[in-house]
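Reviewing the structure listed below.
2 protein chains.
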Amino acid sequence: MAIRWGLCGTGKISHDFSVAMKTLSAEDHQIAAIASQSSDSAKEFAKKPRIPKVYGSYEELARDPDIDELEHFKVGLLFLQAGKNVLCEKPFAMNSRQVSDLLKACWVDYFVPFQATWSRCFPVYAEVHKLLAEEAVGEVKLVKAYFGSPHSAGYCLQYLPTLLLMVFNSERPESIQASGVLLDSVDESVVVVMKFSRKRMALCAFSIAAHFSNDAVISGTKGSIRGLGPMHCPSTLVLNDKKTEYPLPEPCLPLNFTNSTGLRYLMEEVRQCLLKGLKERVRMPLADSILLTEIMDEIREQVGVVFSQDRK
Amino acid sequence: MAIRWGLCGTGKISHDFSVAMKTLSAEDHQIAAIASQSSDSAKEFAKKPRIPKVYGSYEELARDPDIDELEHFKVGLLFLQAGKNVLCEKPFAMNSRQVSDLLKACWVDYFVPFQATWSRCFPVYAEVHKLLAEEAVGEVKLVKAYFGSPHSAGYCLQYLPTLLLMVFNSERPESIQASGVLLDSVDESVVVVMKFSRKRMALCAFSIAAHFSNDAVISGTKGSIRGLGPMHCPSTLVLNDKKTEYPLPEPCLPLNFTNSTGLRYLMEEVRQCLLKGLKERVRMPLADSILLTEIMDEIREQVGVVFSQDRK
Chain G
325 MAIRWGLCGT
335 GKISHDFSVA
345 MKTLSAEDHQ
355 IAAIASQSSD
365 SAKEFAKKPR
375 IPKVYGSYEE
385 LARDPDIDEL
395 EHFKVGLLFL
405 QAGKNVLCEK
415 PFAMNSRQVS
425 DLLKACWVDY
435 FVPFQATWSR
445 CFPVYAEVHK
455 LLAEEAVGEV
465 KLVKAYFGSP
475 HSAGYCLQYL
485 PTLLLMVFNS
495 ERPESIQASG
505 VLLDSVDESV
515 VVVMKFSRKR
525 MALCAFSIAA
535 HFSNDAVISG
545 TKGSIRGLGP
555 MHCPSTLVLN
565 DKKTEYPLPE
575 PCLPLNFTNS
585 TGLRYLMEEV
595 RQCLLKGLKE
605 RVRMPLADSI
615 LLTEIMDEIR
625 EQVGVVFSQD
635 RK
Chain V
325 MAIRWGLCGT
335 GKISHDFSVA
345 MKTLSAEDHQ
355 IAAIASQSSD
365 SAKEFAKKPR
375 IPKVYGSYEE
385 LARDPDIDEL
395 EHFKVGLLFL
405 QAGKNVLCEK
415 PFAMNSRQVS
425 DLLKACWVDY
435 FVPFQATWSR
445 CFPVYAEVHK
455 LLAEEAVGEV
465 KLVKAYFGSP
475 HSAGYCLQYL
485 PTLLLMVFNS
495 ERPESIQASG
505 VLLDSVDESV
515 VVVMKFSRKR
525 MALCAFSIAA
535 HFSNDAVISG
545 TKGSIRGLGP
555 MHCPSTLVLN
565 DKKTEYPLPE
575 PCLPLNFTNS
585 TGLRYLMEEV
595 RQCLLKGLKE
605 RVRMPLADSI
615 LLTEIMDEIR
625 EQVGVVFSQD
635 RK
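Chains G and V supply the protein sequences, listed in that same order. Okay, so the first sequence: first residue is 325 according to my numbering, each after it adds one. Okay, so the second sequence: first residue is 325 according to my numbering, each after it adds one.
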């Protein structure tokens, strides 16, 4: 049975989302409608991937009885209250209070806010998960993760703790130490050190000013696992010195973001969850979304980044 | 004119030191004597590289009028007071008070305690220094450095800030945040985040429990410089994606430590300093040794590592 998706907004990620969906069977995934605050841009967008319905407001899309699943956060609450499952592109929410509001909305109506953390659905992450379970590098001692690109946005920082929570089995860090430098009240570069139980540590560095290798390395007593190309949507895994490629499907149109046909793995995970009637994602449970947001709140507080939403 | 070296101790590093010296001209560098607390082991050691004089105590070596330069810290003060220049293998001193004692001893007599930080003498470091001066990667934003090996010793941690002080022109960090886990009161893994002026950051991770890539990456607004193989004695430099090799001379005997024929660069720098009558090393000035020790004191305090020397 096809999941009927409704897209919110006509931005770059919506484009890549629709291109990635073309790598999956149309019997499983369809974009049934698109909405934008400007109906002209929605109409223009709808021509390329041939989306049947176009709305000039999110409210109209929310009322469409044919839509199972929606993408984008900003209007997540609106759609949850209208009885839709929602896949929230990052940020899932701006702070923990907003996450709580989203969860209250869905727990009343049994519709789900999925966090669109695509990383964990990539085959490389699945393999990392398996290798860790097998203790392929012995006991994990330190995880390092980097995301640095002068073209990235601040909330990409969340990719780093997302990986850590996977490696450390969704365990709450014993301590978080964040250090950062700001550019016009935005976090330009941030370094975060976390301690987990059993003397395990993690360190992340994020920057919108410098070029990083954008890799992640899990170091253990017997070796290391490295995800490359880049760490949040990897196509290469290096176990000690052995490299394995996990190629992504070719896109039918040029993409805006690196490796974003990999959104297909997220789409398919969401579909499987809905088919099975699950109320949260297997690879990114709600508890992880909550903990991730709490960690991000803590990092922002230590570094001194305040959102307008924090002041309410 | 040859520098006449006196070796203290017959350990692994003394072996590598003597092997590395064979890659230099005997007209420039000679091991004139070796001393050990056990004269048997000193005699045994002296056979291989044919060292003319052997002493069964450090005191005898200190009195030898033919020795210009000595290697090893433990007895550094003894030799400085006996009017020798001293090249102190790490640790240069256990804490800042000891550094101060060493400096008092040499400033009276005009003999020099050189810190045996060999890293900065490697051709890769010289090239990094040049590339930074040319702003080859734009403005430096973040420096990362790792040293992790289950066979290393705790004081190898000092390699990491040594690099940072070079990159940041011996500037004192604005802040130091260290986080670590201990194993029987020794630092098993330590992560240090430092902030420098102009919104530049550095992060180091050190471990005696896990395998790291042992590289260092300098990330700037226009690209990155990476030192490999490993970071404290690199033979490879990667500027963005361009790799350049700086091969080391082959040793005449098997070595105990990676790339340790590279000690030759340190020996030759020391020789040049002595020939020029310099009272400190150009590539590792005394101010850097002092600042490095202060940084290490701060890291140890935050992490909770206390040496017996701190209690005096």
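Using N, Cα and C, we set each Cβ at its ideal position, and we do this for glycine too.
To which residues of the same chain is residue i closer than 6 angstroms at the C-beta, ignoring the five residues directly before and after it?
i                     : result
residue 577 (chain V) : 343
residue 623 (chain G) : 502, 516
residue 480 (chain V) : 471
residue 585 (chain G) : 344, 347, 572, 573, 575
residue 447 (chain V) : 570
residue 441 (chain V) : 486, 608
residue 430 (chain G) : 404, 436, 437
residue 462 (chain G) : 544, 545, 546
residue 451 (chain G) : 561
residue 568 (chain V) : 561
Restricting to Cα atoms, I'd like to know which of the options is closest to residue i.
i                     : options                    : result
residue 529 (chain V) : V:566, V:374, V:478        : V:478
residue 564 (chain V) : V:554, V:357, V:547        : V:547
residue 606 (chain G) : G:508, G:596, G:538        : G:596
residue 350 (chain G) : G:337, G:375, G:332, G:362 : G:375
residue 386 (chain V) : V:413, V:408, V:489        : V:408
residue 497 (chain G) : G:525, G:630, G:514, G:482 : G:525
residue 469 (chain G) : G:557, G:523, G:421, G:450 : G:557
residue 390 (chain V) : V:406, V:401, V:400        : V:406
residue 511 (chain G) : G:613, G:365, G:383, G:474 : G:474
residue 555 (chain G) : G:482, G:612, G:507, G:522 : G:482
residue 457 (chain V) : V:493, V:326, V:419        : V:493
residue 518 (chain V) : V:466, V:551, V:562, V:600 : V:466
residue 449 (chain G) : G:620, G:327, G:550        : G:550
residue 488 (chain V) : V:499, V:527, V:506        : V:527
residue 506 (chain V) : V:618, V:520, V:630        : V:630
residue 380 (chain V) : V:363, V:367, V:568        : V:363
residue 490 (chain V) : V:522, V:531, V:444        : V:444
residue 627 (chain G) : G:420, G:509, G:422        : G:509
residue 325 (chain V) : V:615, V:613, V:614, V:600 : V:600
residue 620 (chain G) : G:464, G:422, G:568        : G:422
residue 410 (chain G) : G:377, G:542, G:330, G:428 : G:330
residue 355 (chain G) : G:384, G:499, G:327        : G:327
Below 8 angstroms on C-beta distance, what does residue i contact in chain G?
i                     : result
residue 606 (chain V) : Per Cβ cutoff of 8 angstroms: no residues; residue 606 (chain V) is ~29 angstroms from chain G at best.
residue 474 (chain V) : 545
So with CB distances below 9 angstroms, who are the chain V contacts of residue i?
i                     : result
residue 349 (chain G) : Residues of chain V passing the Cβ test: none, with the nearest at roughly 38 angstroms.
What does residue i touch in chain V if you count any residue whose Cβ is under 8 angstroms from its own?
i                     : result
residue 536 (chain G) : 466, 541, 543, 548
residue 566 (chain G) : Correct list: empty, because the minimum Cβ distance to chain V is about 14 angstroms.
Could you tell me which chain G residues have their CB closer than 9 angstroms to the CB of residue i, listed as they occur along the chain?
i                     : result
residue 512 (chain V) : 465, 523
residue 503 (chain V) : 499, 501, 517, 518, 519, 525, 527
residue 554 (chain V) : Neighbours of residue 554 (chain V) on chain G: none; closest Cβ ~13 angstroms, over 9 angstroms.
What does residue i pair with, by DSSP beta-bridge criteria?
i                     : result
residue 605 (chain V) : Per DSSP, none; premise fails for residue 605 (chain V).
residue 470 (chain V) : V:529
residue 549 (chain G) : G:542, G:563
residue 392 (chain V) : Residue 392 (chain V) pairs with nothing; no bridge assigned.
residue 504 (chain G) : G:514
residue 448 (chain G) : In the DSSP output, where bridge partners are listed per residue, residue 448 (chain G) has none listed.
residue 499 (chain V) : V:519
residue 332 (chain V) : V:359
residue 535 (chain V) : Beta-bridge pairing links residue 535 (chain V) to no other residue.
residue 629 (chain G) : Note: residue 629 (chain G) sits in no beta bridge, so no partner.
residue 379 (chain G) : G:359
residue 592 (chain G) : The partner list for residue 592 (chain G) (beta bridge, DSSP) is empty, contrary to what the question assumes.
residue 617 (chain V) : DSSP output for residue 617 (chain V) lists no bridge partner at all.
residue 327 (chain V) : V:353
Mind pulling the chain V residues with CB within less than 7 angstroms of residue i?
i                     : result
residue 527 (chain G) : 515, 527, 529
Among residues of its own chain, excluding the 5 on either side of residue i, which ones have a beta-carbon nearer than 8 angstroms to its beta-carbon?
i                     : result
residue 588 (chain V) : 344, 345, 347, 348, 573
residue 534 (chain V) : 472, 474, 513
residue 455 (chain V) : 461, 549, 563
Measure how close the beta-carbons of residue i and residue j come, nearest whole angstrom, since I'm counting them as under 8 angstroms.
i                     : j                     : result
residue 371 (chain V) : residue 580 (chain V) : Not really, about 17 angstroms apart at Cβ, beyond 8 angstroms.
residue 339 (chain V) : residue 591 (chain V) : 15 angstroms between Cβ atoms; not a contact.
residue 559 (chain G) : residue 583 (chain G) : 6 angstroms
residue 392 (chain G) : residue 598 (chain G) : 7 angstroms
residue 617 (chain V) : residue 420 (chain V) : 5 angstroms
Given residue i, which residues of its chain have a CB within under 7 angstroms of its CB, disregarding the five upstream and five downstream residues?
i                     : result
residue 426 (chain G) : 400, 401, 404, 417, 437
residue 324 (chain G) : Lying outside 325 to 636, the shown extent of chain G, residue 324 (chain G) is not represented and no answer is given.
Can you pull the chain G residues whose beta carbon is under 7 angstroms from the beta carbon of residue i, in chain order?
i                     : result
residue 533 (chain V) : 465, 545
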